[in-house]
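This report refers to the structure that appears directly beneath it.
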Amino acid sequence: MAARRVAIIGAGASGLCALKCCLDEGLVPTCFERSGDIGGLWRFEEHPEEGRASIYRSVIINTSKEMMCFSDFPIPEDFPNYMHNSKIMEYFRMYAQHFDLLRHIRFRVRLLLPLPRRLCEGGGEPDPPLQIHVPPWPGEADAGFHRPHPASGCHHAHL
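Quick note on numbering: the sequence shown equals residues -18 to -1, 1 to 141 in mature numbering (1 follows the signal peptide of the UniProt record, and there is no 0).
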């Protein structure tokens, strides 16, 4: 049986975790990020693109590093307990590099999917699985996916 392909939508904290978990399970994930970088909401942008939420320059997380870290990748001891957003981004970059996630992310790709709003609003089961197709990268024969995994969060301007 061919490996199952999963489309992960968004390369923020949830997308990075989903990407790593898919790899751990032997799936073939591709993460689609509409911006040019990882980090999602935690990436400060002076002038974010239309439809993208952004934190403000001085945001410091209100959760300790011990509670917010990925269970398989502790935050370095020399990082402050309550981190500035730039340190969170540094941690995300370290995580992505450590687990070699960047090669699975397609940046500056905007997918238009008919995702039900209830995925974001917390109501019930999602609709039946969607089949999504995107143009293949060079060397890819098929760009179809067995399962989409929206990881763009509720702070994203959905269509």
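All C-beta atoms in this analysis are idealised placements derived from N, C-alpha and C, irrespective of residue type, glycine included.
DSSP places Glu15 in the uninterrupted beta strand (DSSP E) bounded by Val10 to Glu15. With a beta-carbon spacing of about 7 angstroms, Ser17 and Arg34 fall inside the 8 angstroms limit used to define contacts.
For the set Asp19, Arg(-15), Gly21 and Glu27, the Cα lying nearest the Cα of Gly8 is the one of Arg(-15). Its Cα nearest to that of Gly21, the residue Tyr77 stands out among Asp82, Asp54, Phe81 and Tyr77. Secondary structure remark: continuous alpha helix (DSSP H) runs of at least 4 residues inside the segment 42 to 76, in chain order: 47 to 50. Here DSSP, grouped into helix, strand and coil, assigns Arg85 to helix.
Less than 7 angstroms separates the beta-carbon of Tyr64 from that of Ile43. Taking each of Ala(-12), Pro11 and Met50 in turn and checking the Cα distance to Ile70, the smallest one comes out for Met50. The straight-line gap separating the alpha-carbon atoms of Ser68 and Leu23 is approximately 12 angstroms.
Around Ser36, the same chain offers Glu27 and Pro30 as residues with beta carbons nearer than 6 angstroms, after the five sequence neighbours per side are excluded.
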